[in-house]
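Everything below concerns the one structure shown next.
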Amino acid sequence: MGKTTGFLEFDRKVEAYEKPEERIKNYKEFTVPLKEKDLKDQGARCMSCGIPFCHSGCPLGNLIPDFNDAVYKGKWEKAAHLLHATNNFPEFTGRLCPAPCEEACVLGINEDPVTIENIEKNVAETAFAKGWVVAKPPQNRTGKTIAVIGSGPAGLAAAQQLNRAGHLVTVYERDTKVGGLLRYGIPDFKMEKQVIDRRLAILEEEGILFKTGIEVGKDIAATELKQNYDALLLSGGASIKRGLDIPGASLEGVVQAMDFLKQSNKRIAHETYTNVDLLAKGKEVIVIGGGDTGSDCIGTSIRQGATHVTNFEIMPKGTTERTESQPWPFYPMRLKTTSSHAEGAERFFSINTKEFVGDTQGKLIGLKTIEVHWEYNPGKRPKLVEMAGTEKTWKADLVLLAMGFTGSERSVADQLGVHLDIRTNIEATEYSYKTNIEGVYAAGDQRRGQSLIVWAIAEGRQAAHHIDTYLMGNSNLPLKGAGDLPRL
Amino acid sequence: MRLKKQGLYSPEFEHDNCGAGFICSLDGNKSNDIIHKALEILKKLEHRGAVSSDGKTGDGAGILIDIPHDFFVNVCAFELPKAGDYAVSNVFLPQRENQRNFCVGALESEIKAQGLVLLGWRTVPVNKSVPGRIAMETAPFIAQIFIGKERDIQDEATFNRKLFIARKKAEHCIYNSKLSEQGFFYLPSLSTKIIIFKGLLMPEDISLYFTDLQDPRVITRLALVHQRFSTNTFPTWDLAQPFRYMCHNGEINTLRGNVARMRSREELLKSDLFGADIKEILPIILPHKSDSATLDMVVELLLMTGRSLPEVMMILVPEAWEKNDNMSPEKRAFYEYNSCMMEPWDGPASIPFTDGNFIGAVLDRNGLRPSRYSVTKDGFVIMSSETGVVDIAPKNLALHGRLEPGKMFLVDMSAGRIINDEEIKEQIALKHPYKKWVQDNLVHLKDIPYNDCPLFIGEAKLDQRKAAYGYTLEDIDSIVMPMAETAKEPMGSMGTDTPIAVLSQKPQLLYNYFQQLFAQVTNPPLDGIREEMITDISLTLGSDHNIFDTTEKHCRKLKIQNPVISKEDLDKIKNYDVNPNYKVTSIQMLYTVDKGHNGLEDGLELLLEEASKALDNGSNILILSDRYISKEKAAIPALLACSYVNNGLQALGKRSNASIIIESAEPREVHHFCLLFGYGASAINPYLVNEIIAEQIKENETSSYTFEEAIKNYNQAVGKGILKVMNKMGVSTLNSYRGSQLFECLGIHSKVIDKYFPRTTSRIQGIDLYEIEKELSKRHKNAFSEFKPDGGLELEIGGDYRWRRDGEKHLFNPLTIAKLQKAVRNNEADTYKEYANLVNEQSKDLMTIRGLLEFSNFDPIPLEDVEPWTEIVKRFKTGAMSYGSISKEAHENLAIAMNRIGGKSNSGEGGEDAERFYKNQTGDWKNSAIKQVASGRFGVSSNYLTNATEIQIKMAQGAKPGEGGQLPGPKVNPDIAKTRNSTPYVGLISPPPHHDIYSIEDLSQLIFDLKSANREARINVKLVSEVGVGTVAAGVSKAKADVILISGFDGGTGASPLTSLKHTGLPWELGIAEAQQTLVMNDLRNRVRLECDGQLKTGRDVAIACLLGAEEFGFATAPLVASGCIMMRACHLNTCPVGIATQNPELRKKFKGEPEHVVNFMYFIAQELREIMAQLGFKTVDEMVGQVQKLDRKKVGAHYKSAGIDLSPILHQVAVIPGTKLYNTTKQEHHIEDSIEFDIIEKAHPALYRKDKMSLDFPIRNTDRAIGAIISNEISKKYGAAGMPDNTLKLNFTGAAGQSFGAFATKGLTMTVYGNTNDYLGKGLSGAKLVIKVPLEATIVPHDNVITGNVTLYGATSGEAYINGKAGERFCVRNSGATAVVEGIGDHGCEYMTGGVAVILGQVGRNFGAGMSGGIAYVYNPNKTFESICKSDGLLLLPVNEQEDIKILKTLIENHYNATQSPRAQEILEQWDSKLEDFVKVFPEEYKLALERIAQETTETL
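Residue numbers (the numbering used here), protein chains in the order written: chain C, 28 to 515; chain U, 65 to 1566.
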């Protein structure tokens, strides 16, 4: 398999971006696709390892060496088939995944890893372009019905798998459109919404029912669903946003990143929204939180026309190299510079926001910070220590809080009597995805807490297998098999 | 009498090898002196035999002589008729009188029943004080019986037949009697001509024990003698040789198949002469006899059919006729005809035989046993394994000859002449019109026209069938398609770490429960690639016929050249019914899947019933077909069906009537085909593979080959693969392999084995038919499930060779590797624990046999009381990985690490750079403590051996036992070439066998050679776990190894065919336990250290190995992983991305391992072991060795398949006297100190220590072996590789030198023999000059006489040899630097040569230059015949016309003349200009290119 000496012959090459000054003019995706020859060469870099650590690093268990080989040989349809065998939505992960596979790539030990994610995206896009992705409604129906609550990647993956197994699946979504954070959290410049829509069209054609604008627990009681369906899957995500409980937190201009992004996404999609306009245009913007959401806020703010964007991260500035304590193939915490960062944000690390400062109208005008460092003691949680004399005041018109999520909303769980764990996620193991209530399953962020899209899809697929087994006694739906690399 | 089967030991696996010889008077003069001379032969061959633990009991020896009629007339109390009118035999009888009387009565009554006359009995006088204790315990009572013929019997044949029937019937009667001492009863002979005296005796004791032999009245014309070397110490009196018509030096590799086929042949035995008696003498082959004894019983039967002894030998041990175009058509036809009737009894075998009229010998087609003969002017012929066994005055010498491969040698004592091979065989071949018979009757498949193409309409969908038969994506991508594309078996690397079939949770094919057996030590694997001319995979189909007849019917058969056939081929056979001689019946191998295992059982019964019926209706070809599976009907595993029908028909007495063809979707790997042939199939069509190939070609539009080509490629790849598997067992022809069942089963219950696979070993039990069916139906039902969700893979992923999440489990997986590397790099004990737990904790996912065990009988002591880790790691070793297979960096890293902690690293088989022998400034030492000696002998020189602490003889390698290796030219960079003493860019091949170890006594010799080359070093013999390895280990211990390593089958490799990686050999748990048990039983355990390796990964693994019997431990894969290996499994591709298994300079830079990582690994292992020791209560490892009572079968964690496993044989504790130590306590007695070399050293002091030039004279005898090695060791110690100036010490010997003369002899030595020498002359020659010359007084013509033995200059690295006569087979094999001149050679000359120069001034045997990749040979070719002999690929045959060549050649011939005064050299030199045209230069193309490349590189650097 693969080209034996490919990795010696070709350098890593990923798709390029349009220049920042061009791309920030709109919200479109801005990647420049590679030529087919280049993609094949990139596939040829895969070494067909005896132990493909990438395959282990991928939470979906994507058959990476196998599709790389197919791409190298120009067998795109085979590649698409192999890719879809483990991943319902490679066009999502091919764009959005932080690619733990590439961190685990054997070539990455001492060279640039294989461009697995980019190959994945191209395989997926080729498959759509060639018309290989078509609806395949199940041959037989089992007569069983399942309600999936929440239409994020976990819910959608589970829905498609269960539908393939012949069950009738209804997906409940409280928002106006299906997709969850995929649709409302991810800016178009990272993934245009038509990517979601073309996939949803297939799912609908395969026979999945979508009920949008219905909030389970409010518009319809979860217990009612429990009565009407043979099984329930809770995949509502981890939607409780982490706030910053400091003076001035309620000032106008202190906004949750998700509210900001969601509105922006709706605006671009010409959807209506009810809250007041949250716009960065002409503003001094500070984004608190150095993760992907923070990054999305930066890109969106810049496109909206912010005068200046600053980014705070409470953790120290990481290195681009791995540390000894996070060796290959484990997923390392390292300094990442995203395309949005490159569009012009100033980044500060080891910085903690102490207070928001408002004017007399209750409008934000600035904030105060102090520099911090972390003290590590074995066996104890690291301790945050402020460094006296480093206080600073910043001018700010808009602060976007992108500090993650703290757990899932309780209403559905409470109505059903489903237990939560201490992190307020739904209690269910990764071996069964089963909650304490019979017939009720949980998957995705709502079970594991805030995580990656790739994990959400993986959870949805695994949960589907267990639900199918619960309903039918056994299941032909695939499992990914053991081998996940743990986080250190 | 014999040791009982217990634990893992079974007497079935005993082996024997030996020294043999005869002496006879050419003109038939009788004398008593011949007996003395013959016994003298044996004494001089004593080093080829072995002694038991009591130091006195030999493995058996004996002598066959003419019946001393006059003596008997004198000593018998009764009247004897004239010589030839009566038969006599020594009779072995029970010691207990009552039982003895029963036996005597039984024998007498059968004699009477045959109408013969009992003349009387004579008690044989013996001296009971002579034999050893062990021998006396089993000694029979011996009496002589004298039987006269009735008057009406006229001819000898009738008398012999009646004697035969009487003896046979008496044997059956007594052996069925259940007497406690029935095993004593035995007649060594019963002849009118000869009598045999034999027993468990040392050679010198034969005449002391049998006092008759000392009587001067006992005179004979001939004496055939034999001495046995048995692998263990339970040889018996009856198995001492000679046997009734022959004795045998070697091993019958094909025995199992031969015996099974003979059993079938018995069905057809019919003879007017025997009448009804014929059924009474069955079975012909008595059970529990040795291979030699078995062969003798068949020889005897064939003699009864009226064939002559030479003809019988030709039939049983045919020469390699299949690919010999030079053979006369008549002789060829004879062999082809008889191959339809009898498969070869494949050696290694040198078989001296006699019927009392003729005495002769035959050598098998491989020619692996030495057989030298001398004829004296005063009329004696002496033949033996060695020359020099009888002193012959040079003047008296008429001829020195040797038996050649496949050739026969016969002395007609009545005519007083030697009949040569051609004459004997042509005569026999003309007895019947064989040529016409074969032409008229034997049909070749390729000649049958193809005119029909049935489509199988109604077969289930391809995808469904693929799933039902368990095809995985990996099977298709990694096995089937590569074979279809390249016509070669796919290669892999590293070891295997997946669960054995019975522990796997993935449904397994039945094939995976069987492991291939392979040859090690007692018999050699063969080299079917380089010595292809002796192999053949064709088979014939059709009915067999009565072997008492010789008619044209016997060859009315259908011959298939490669019995892996395509669908079209099978169609041809199906339609061949038009020929009235063939009736083909197809039988479905299907069962009703809903009926579960009862359905399967019934299906099998039905199958046999239908097969039997078909035979009754006259069918002679049965096709067992699994076509047309459906939702309801599943396929019976083809192997199960094939074996059951094969064995079932045999039990019904019908097997000979038909051949079996398998038409099955199942087989895809070489291993599968081997099993089907091994269990009786004669042809196989893997039709689903054919369909898959078609499908893949269709999908892949760009494929560069057609479907037909792909099928041909695939079939060819399988054919080659089968050949390789056969060769691993030492079997040359598929005809002998078929039905031989050369497999061990691992994980199937004996209930199933006994019924469906009778006589197959299965030692740990396992699954029953129920589970077999469960696995199968699970697959089947899934495949035919109505409901399969879209979106997934259409087949299982596989993951056997490359890890995949949902595939087969692997011990080394991303997590274990990641944890281990983190642990050793950061020195994190906790992370190591996590790693160890992941490996050890197998309660959920069973992986290994040791995973089924748990520790018990705890008796905790404080951890501090356990010996420190620093002591423990001294027992640790890293595996044998050559520099070449791994990079310099990785290789040295291991050496430094192991030297730091006092453990041992292993050089592997690639030699070692002498710079590494010295410590560097930081105190680190790159010297590998263990130096390996493998079949390629790369870099093995006196200096290399001198710098070893331990020398390891690699008999086999876990990943590919029985196979050689290859380092392709591009990988042989100048550094590697230097270490290996070879030429850069010239490919290097390790042959499958060591060409100096074809048997146990050869191994003993090599141990002696190496011990001579470095007497401080321990000699370690590396074996691979398989059934019978315990017996082999016992033999190796008797051969004086200091350490025996038992490797698991799962160990790593740089490159191996995938079949071998998984399907050959066994886990070490079985091997180490069997070795321990057998050695303890034999009281041999204390003599040797036992070592274990093979996927040892944790302290727990080590603890279990120790409790099962190991005291030293080897690790290879794990330390590599610690050094950065990530199991890329690309070692064979030179692309290792972490710089370990690569020679690419860029990739080597990526090596990031540090000695600390390896040290940390060893430390962690030792600490984990210490914790276990503390729990169990052992302070030292020694105390712990063999204490199996501390192990128990784990109580929990069984899945349905593992429940039936019985580990009690592994946990068997051999009963010993309390206090017996179960580990090594004593040293082997090597007797090196007895060597004449110490005397020489003393006299040569000025030369050795002051480099004064000296010349010394000594007598020499064949018992003086490896002369030169000890002196060279001394020179190497003092002067290193440089040695001394040329000719510093000249040693002149007179006589016949023993084996390995000049072994490893180093620079500065000149050693001359006036006389002749034996095998292995100049083995590993390291710079010395050797001269072998005909004594001055001798009148023989040197170039017509064999003056040295086989395998001359094996692995020589430098030096010169001048041989004034002919050499035997494999001259200059693997020579990489020595220069040699010789006056004639046998077959396979210059095989695998990689450097040096060979000048051959006389005859050259067949297959010259096979595998020769370097060096140059100049061959004197006045008759222009050489071109037809030298057909090996890649050799340029050029005239000698370049100035440099002419100069070299002339100088060498001049040297030769100066050294030996050779008349042939003189003649050539005198007519130099005209003779020069008669020379051919043999120049390997690869060598030419390499020389050009080196020249270019040199210019570039200048």
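Cβ coordinates follow ideal geometry from the N, Cα and C atoms, glycine included.
Check: So is Val642(U) buried or exposed if we call it buried at 16+ other beta carbons inside 10 Å?
Finding: Counted from its first residue, the second sequence places residue 642(U) at position 578. Val642(U) comes out exposed.
Next item on the list: Kindly indicate which three-state DSSP category Cys124(C) falls into: helix, strand or coil?
Entry: Residue numbering aside, residue 124(C) sits at position 97 when the first sequence is read from its first letter. Looking at Cys124(C) - three-state DSSP - the assignment turns out to be coil, as it is neither helix nor strand.
Checklist line | Where the alpha helix (DSSP H) through Asn791(U) begins and ends | finding: Position 727 of the second sequence holds residue 791(U). Its alpha helix (DSSP H) spans residues 771-792.
Checklist line | Beta-carbon proximity of Leu875(U) to Asp1157(U), cut-off 8 Å | finding: Working through the second sequence from its first residue, we reach residue 875(U) at position 811. Working through the second sequence from its first residue, we reach residue 1157(U) at position 1093. Their beta carbons are not under 8 Å apart, which means Leu875(U) does not touch Asp1157(U) by this criterion.
Item checked: Strand pairing of Ile446(U), partner residues [DSSP] -> By 1-based counting over the second sequence, the position of residue 446(U) is 382. Answer is Ile87(U), Ser438(U).
Item checked: Between the CA atoms of Phe1322(U) and Phe983(U) - distance to the nearest angstrom -> Residue numbering aside, residue 983(U) sits at position 919 when the second sequence is read from its first letter. Residue numbering aside, residue 1322(U) sits at position 1258 when the second sequence is read from its first letter. Per the sequence presented here, residue 983(U) reads as Lys, with Phe not at that position. Roughly 40 Å between the two C-alpha positions.
Check: Is Ile831(U) closer than 8 Å to Gly1268(U) when the C-beta atoms are compared?
Finding: In the second sequence, counting from the first residue as 1, residue 1268(U) sits at position 1204. In the second sequence, counting from the first residue as 1, residue 831(U) sits at position 767. For Gly1268(U) and Ile831(U), yes; Cβs fall inside 8 Å.
Checklist line | Local Cβ density within 10 Å of Leu346(U), reported as buried at 16 or more and exposed below that | finding: Within the second sequence, the letter at position 282 stands for residue 346(U). Its Cβ having fewer than 16 others within 10 Å, Leu346(U) is exposed.
Check: In whole angstroms, what separates the C-alpha of Asp54(U) from that of Leu337(U)?
Finding: Only positions 65 to 1566 of chain U appear in the structure, and residue 54(U) is not among them; the question remains open.
Next item on the list: Let me know if Trp159(C) comes out buried or exposed under the rule of 16 or more other beta-carbons within 10 Å of its beta-carbon.
Entry: On the first sequence, residue 159(C) is found 132 positions in, with the first residue counted as 1. With fewer than 16 neighbouring CB atoms inside 10 Å of its own CB, Trp159(C) falls in the exposed class.
Margin query: By the 9 Å beta-carbon criterion, what residues does the region 1186-1207 of chain U contribute toward chain C?
Written below: The residues in question are Gly1188, Ile1190, Met1191, Met1192, Arg1193, Ala1194, Leu1197, Asn1198, Thr1199, Pro1201, Val1202, Gly1203.
Checklist line | Span of the alpha helix (DSSP H) around Thr172(C) | finding: Stepping through the first sequence from its first residue, residue 172(C) is reached at position 145. Not the alpha helix (DSSP H): Thr172(C) falls in the beta strand (DSSP E), residues 172-176.
Margin query: Please give me, in chain order, every unbroken run of the beta strand (DSSP E) with length at least 3 that falls completely inside the region 559-602 of chain U.
Written below: 578-580
Next item on the list: Establish whether the CB of Trp385(U) and some CB of chain C are separated by less than 8 Å.
Entry: Here residue 385(U) corresponds to residue number 321 of the second sequence, with the count starting at 1. Not closer than 8 Å to any Cβ of chain C, the Cβ of Trp385(U) fails to qualify, so no.
Next item on the list: State the start and end residues of the unbroken beta strand (DSSP E) segment that holds Gly667(U).
Entry: For this step, residue 667(U) is matched to residue 603 along the second sequence. Segment 660-680 is the alpha helix (DSSP H) holding Gly667(U); no beta strand (DSSP E) there.
Notebook entry, point to check: Is it a yes or a no for the region 1002-1017 of chain U touching the region 1336-1355 of chain U, going by three-plus beta-carbon pairs under 8 Å?
Noted result: yes
Next item on the list: Below 9 Å between beta carbons is the criterion; list the residues of the region 150-162 of chain C that meet it against any residue of chain U, in chain order.
Entry: The region 150-162 of chain C vs chain U, Cβ under 9 Å: nothing.
Next item on the list: Could you name each continuous alpha helix (DSSP H) segment of 4 residues or more that falls completely within the region 682-724 of chain U, going from the start of the chain to the end?
Entry: Along the length of the region 682-724 of chain U, whole alpha helix (DSSP H) runs at least 4 residues long occupy 702-715, reported in chain order.
Note to self: So, at 7 Å on beta carbons, what are the nonlocal neighbours of Gln572(U) in its own chain, with the 5 sequence-adjacent residues on each side left out?
What the structure shows: In the second sequence, residue 572(U) corresponds to position 508, counting from 1. The residues are Ala565, Glu839.
Margin query: Runs of 3 residues minimum, wholly inside the region 874-956 of chain U: which ones carry the beta strand (DSSP E) assignment?
Written below: 917-919, 940-944
Next item on the list: Quick one: which unbroken alpha helix (DSSP H) runs of 4-plus residues sit fully inside the region 1081-1115 of chain U? Chain order, please.
Entry: 1093-1102
Next item on the list: Give me whichever residues DSSP pairs with His400(C) in a beta bridge.
Entry: For this step, residue 400(C) is matched to residue 373 along the first sequence. Partner(s): Val412(C).
Item checked: First and last residue of the uninterrupted beta strand (DSSP E) at Gly321(U) -> Within the second sequence, the letter at position 257 stands for residue 321(U). No beta strand (DSSP E) holds Gly321(U); the alpha helix (DSSP H) holding it covers 319-330.
Next item on the list: Identify the continuous beta strand (DSSP E) that holds Ile379(U) and give its terminal residues.
Entry: As a first step, residue 379(U) must be located in the second sequence, where it is residue number 315. Not the beta strand (DSSP E): Ile379(U) falls in the alpha helix (DSSP H), residues 373-380.
Next item on the list: Say whether the region 1476-1486 of chain U touches the region 1545-1552 of chain U, bearing in mind that this needs 3 or more beta-carbon pairs closer than 8 Å, one atom from each stretch.
Entry: The answer is yes - the region 1545-1552 of chain U touches the region 1476-1486 of chain U, with three or more Cβ pairs under 8 Å.
Note to self: With a threshold of 8 Å, are at least 3 pairs of Cβ atoms found where one atom belongs to the region 164-179 of chain U and the other to the region 117-137 of chain U?
What the structure shows: no
Margin query: Need the endpoints of the alpha helix (DSSP H) that Gly70(C) sits in, please.
Written below: The residue given as residue 70(C) occupies position 43 in the first sequence. It spans 63-71 - the alpha helix (DSSP H) in which Gly70(C) sits, taken as one unbroken run.
Margin query: Just to check my reading of the structure: Gly717(U) and Glu331(U) have Cβ atoms closer than 8 Å, yes? What is that Cβ distance to the nearest angstrom?
Written below: For the purposes of this step, residue 717(U) is taken as the residue at position 653 of the second sequence. For the purposes of this step, residue 331(U) is taken as the residue at position 267 of the second sequence. Right, the Cβ-Cβ distance comes to about 4 Å (below 8 Å), so this counts as a contact.
Check: Is the region 220-231 of chain C touching the region 136-143 of chain C in the sense that three or more CB pairs, one from each, lie closer than 8 Å?
Finding: no
Next item on the list: Compare the C-beta of Ala192(C) against all C-beta atoms of chain U and say whether one is closer than 8 Å.
Entry: Here residue 192(C) refers to the residue found at position 165 of the first sequence. Yes, Ala192(C) counts as interfacial toward chain U.
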